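In short: position in the sequence shown from 1, add 1, done, that's this note's numbering. Even glycine gets a Cβ: it sits at the ideal position worked out from N, Cα and C. Small disclaimer: the values here were computed from a predicted structure and weren't measured.
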Amino acid sequence: MQLEFLPQMLKSTPSSGEGIQILPKEIKPLQKGYKYELYPNKEQKEYLEKIFGSCRRVYNDLLAMQIEKHKEAVANGTKPTFPSLQNLSAILTSLKAANQWLYEVPSVALQQAARRLEVAYKNFFRGLKVPKAKRKHRFPKFKSKRGFQSFTLTTNAFSIKDGYLYIAKCPTPIKVNWSRELPSAPTSLTINKSPSGRYTVSFVCVAPPRVTSGKKIVGIDVGLKSLITTSDGEKYDNPRWLKTSLNKLRRLQKALRRKQKDSHNYHKARLALAKLHEHISNQRHDWQHKITRKLVDESQAICIEDLRSSFMFHNRRLARTAADSGLASLLHKLQYKAIEATGCNIITAYMHYPSSHICSNTGLKLDRKLELKERAWECPYCSEIHDRDVNAALNLRNYGYNILLTTGLLNTKFFGVILGKASELEKEIL
Ligand SMILES: [Zn+2]
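Spelled out as structure tokens, the structure:
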């Protein structure tokens, strides 16, 4: 698993000292999505359905044409051309002329559908430059009537008045559940419909930078027994209710497999499964947001190991369990929250830093390898029984503290991400 940082951070030149890389933080306003539940009435649902359908149609038609063009080019021995947005927009105009009903929906939504295709193509072609195993984007797929539906509008096609959402060409305003305040006037919105039939609207707004004033330095050990363990001795595992839901999910999946395809009961079971999937995803994200928010707000620095060296991601079976447990998305949330906040920073230990094999009291390294099943061990140096995960988290905290001291960044703000490296002295000890 790769650590994902915001792109602007990677572009900045790292300053170095003692083999430590610092990727400075740029403090600038953030574009963020604010999501709300939407309650359209029957007519409004029909209208939204029309927009979803039109966008899907435009996207699929444009994609089909591009594929056809590509095939022709290959057959003629000419170089296939990459569709530009102007190109796609021109085709869109002719599509609209041929299908008058496309005029019944906001034209911005259709332009945005063309734009999405352009982005999908760009991502795919950009991905061709990296090795196959590392590619994130596949060739654009045709959009299906089932599954997630969405469309995007820019400011000229919507407005908010008296707590209601007005959409171009929709005669009545739509009810929104304003669960929190918008920080500023939105620049665009995306309306989604989930497979279970739930409507949400996501506004893109400029959010003020978040200032946190936590003083703590926290080390975090990542594992499967507990998802994360902090140097304060707190262990966070998938909560019990999530496990209960996961068991229920397995039952529903089995039930669906027994139903005859396309029968009435099949679709009923499919909807029930979609609803549960959504419920679990909501529960998980909610829980992850809460604990990562707490950690970021309380800390000036969070020290984690370089996960490329983590045993979990080198063992195929464990890697899958790690993915199932949502570990990656938990760490992603932790990182982006820390990078967004002006008071919290991330320190990554150098690759293969032996956090589990050092005594956190004495700093001495254990002369044998710990088995995976050894959850606790008696220390030959200080005779304490070390809890494996808490000890590793404490070592990461100590490591981070030392780095802050040597770089003079202790109790300062705004530094960003530090990528630690083993100093010559440490190499000698290890
Ligand atoms: Zn010890």
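I'd like to know if the segment 70 to 89 and the segment 116 to 126 are in contact, where contact means that at least 3 CB-CB pairs between them fall below 8 Å. yes
Going residue by residue through the segment 201 to 246, where are the continuous beta strand (DSSP E) segments of at least 3 residues, counting only ones entirely within it? 217 to 223, 229 to 231
Pro8 (DSSP reduced to helix, strand or coil): Against the sequence shown, residue 8 aligns to sequence position 7. Note that Pro8 has pLDDT 31, beneath the 50 cutoff, so the model's placement of it is unreliable and no number is given.
Taking C-beta to C-beta, are Lys216 and Gln301 nearer than 7 Å? By 1-based counting over the sequence shown, the position of residue 216 is 215. By 1-based counting over the sequence shown, the position of residue 301 is 300. In contact: Lys216 and Gln301 (Cβ atoms closer than 7 Å).
Where Asn412 falls: helix, strand or coil (DSSP): In the sequence shown, residue 412 corresponds to position 411, counting from 1. DSSP places Asn412 in coil when its eight states are reduced to three.
Are the segment 133 to 140 and the segment 88 to 106 touching, with three or more C-beta to C-beta distances below 8 Å? no
According to DSSP, simplified to helix, strand and coil, what is Tyr165? Taking the first residue of the sequence shown as position 1, residue 165 is located at position 164. In this structure, Tyr165 counts as strand in the three-state DSSP scheme.
Quick test of the definition: if touching needs 3 or more C-beta pairs under 8 Å, does the segment 264 to 277 touch the segment 287 to 294? no
Among His358, Val223, Pro174, Val207, which residue has its Cα nearest to the Cα of Glu182? What you label residue 182 is simply residue 181 of the sequence shown in a count that begins at 1. Answer by Cα proximity: Val207.
Please determine whether the Cβ atom of Asn399 lies at a distance below 6 Å from any heavy atom of ligand 1. Against the sequence shown, residue 399 aligns to sequence position 398. Asn399 Cβ: outside cutoff for every heavy atom of ligand 1.
Could you give the distance in angstroms between the alpha-carbon of Lys334 and the alpha-carbon of Ser180? Taking the first residue of the sequence shown as 1, we reach residue 334 at position 333. Taking the first residue of the sequence shown as 1, we reach residue 180 at position 179. In a straight line, the C-alpha of Lys334 is about 21 Å away from that of Ser180.
Please work out which residues of its chain come closer than 6 Å, Cβ to Cβ, to Leu365, disregarding the five sequence neighbours upstream and downstream, and give them in chain order. By one-based count along the sequence shown, residue 365 stands at place 364. Correct list, in chain order: Tyr382.
Can we count Asn316 as close to ligand 1, meaning its CB is less than 6 Å from some heavy atom? As a first step, residue 316 is located in the sequence shown; it is residue number 315 there, counting from the start. It does not: the Cβ of Asn316 is nowhere closer than 6 Å to a heavy atom of ligand 1.
From which residue to which residue does the alpha helix (DSSP H) around Asp287 run? Taking the first residue of the sequence shown as 1, we reach residue 287 at position 286. Asp287 -> alpha helix (DSSP H) spans 265 to 299.
What is the DSSP secondary structure of Gly34, counted as helix, strand or coil? Numbered from 1 along the sequence shown, position 33 holds the residue referred to as residue 34. Strand.
Any idea which residues DSSP pairs His387 with across the strands? Residue mapping note: residue 387 aligns to position 386 of the sequence shown, counting from 1. Paired residues: Trp378.
When you compare each of Phe416, Glu379, Asp163, Lys43 to Tyr200 by their alpha carbons, which one comes out closest? Counting from one through the sequence shown, the residue named residue 200 turns up at place 199. It is Lys43 whose Cα lies nearest to the Cα of Tyr200.
Express the C-alpha separation of Gln284 and Asp238 in angstroms, rounding to a whole number. Mapped onto the sequence shown, residue 238 falls at position 237. Mapped onto the sequence shown, residue 284 falls at position 283. Whole-angstrom Cα-Cα distance: 13 Å.
Suppose only complete runs of 4+ residues qualify. What are the alpha helix (DSSP H) ranges in the segment 81 to 121, listed by chain order? 86 to 99
Contact between the segment 338 to 358 and the segment 231 to 247 is defined here as three or more beta-carbon pairs at a separation below 8 Å; is this criterion met? no
Is the beta carbon of Asn362 within less than 6 Å of some heavy atom of ligand 1? Along the sequence shown, one-based indexing puts residue 362 at 361. It does: the Cβ of Asn362 is within 6 Å (strictly closer) of some heavy atom of ligand 1.
Candidates His358, Lys370, Thr407: closest to Asn456 by CA position: Only positions 2 to 431 of the chain appear in the structure, and residue 456 is not among them; the question remains open.
Is Glu379 near ligand 1, going by C-beta to nearest heavy atom under 6 Å? Taking the first residue of the sequence shown as position 1, residue 379 is located at position 378. Outside the cutoff, so no.
Give me the Cβ distance between Leu397 and Ile305, rounded to the nearest whole Å; I'm assuming they're in contact under 8 Å. Here residue 397 refers to the residue found at position 396 when the sequence shown is read from its first residue. Here residue 305 refers to the residue found at position 304 when the sequence shown is read from its first residue. Right, the Cβ-Cβ distance comes to about 7 Å (below 8 Å), so this counts as a contact.
Does the distance from the CB of Asp298 to the CB of Thr173 come in under 7 Å? As a working note, residue 298 is residue 297 in the sequence shown. As a working note, residue 173 is residue 172 in the sequence shown. No; because the gap between Cβ atoms is not below 7 Å, this pair is not in contact.
Output the boundary residues of the alpha helix (DSSP H) element that contains Lys26. Residue numbering aside, residue 26 sits at position 25 when the sequence shown is read from its first letter. Segment: none, Lys26 is in no alpha helix (DSSP H) and carries neither H nor E.
Buried or exposed for Gly409, please, with buried defined as at least 16 other CB atoms from any protein chain shown within 10 angstroms of its CB. For this step, residue 409 is matched to residue 408 along the sequence shown. Counting Cβ neighbours within 10 Å, Gly409 comes out exposed, since fewer than 16 surround it.
Take Glu429 and list the residues in its own chain whose beta-carbon comes closer than 7 Å to its own, dropping the five residues that flank it on each side. Taking the sequence shown and counting its residues from 1, the one referred to as residue 429 is at position 428. A caution first: Glu429 carries a pLDDT of 43, below 50, which makes its placement in the model too unreliable to give a value.
Tell me which same chain residues have a C-beta within less than 7 Å of the C-beta of Ser264, skipping the five on either side of it? Translated into positions along the sequence shown, residue 264 becomes position 263. Excluding residues within five positions, none has a Cβ falling inside 7 Å.
Check whether the Cβ atoms of Pro184 and Val205 lie closer than 7 Å to each other. Sequence index remark: in the sequence shown, residue 184 carries index 183 (1-based). Sequence index remark: in the sequence shown, residue 205 carries index 204 (1-based). No, Cβ-Cβ distance for Pro184 and Val205 is not below 7 Å.
Alpha carbon to alpha carbon, how far is Thr153 from Ile419? Give it in angstroms, no decimals. Position 418 of the sequence shown, counted from the first residue, corresponds to residue 419. Position 152 of the sequence shown, counted from the first residue, corresponds to residue 153. One C-alpha to the other measures close to 37 Å.
So, with DSSP's three-state summary, where would you put Asn193? If you number the sequence shown from 1, residue 193 lands on position 192. The answer is strand: DSSP assigns Asn193 an E or B state.
Is any heavy atom of ligand 1 found at a distance shorter than 6 Å from the C-beta of Glu385? One-based indexing of the sequence shown puts residue 385 at position 384. It does: the Cβ of Glu385 is within 6 Å (strictly closer) of some heavy atom of ligand 1.
Note down, in chain order, each residue of its chain lying with its Cβ closer than 7 Å to the Cβ of Thr14, except the 5 sequence neighbours on either side. Within the sequence shown, residue 14 is the residue found at index 13, counting from 1. A caution first: Thr14 carries a pLDDT of 32, below 50, which makes its placement in the model too unreliable to give a value.
First through last residue of the beta strand (DSSP E) which encompasses Ser432: This structure cannot speak to residue 432, because the chain is shown only from 2 to 431.
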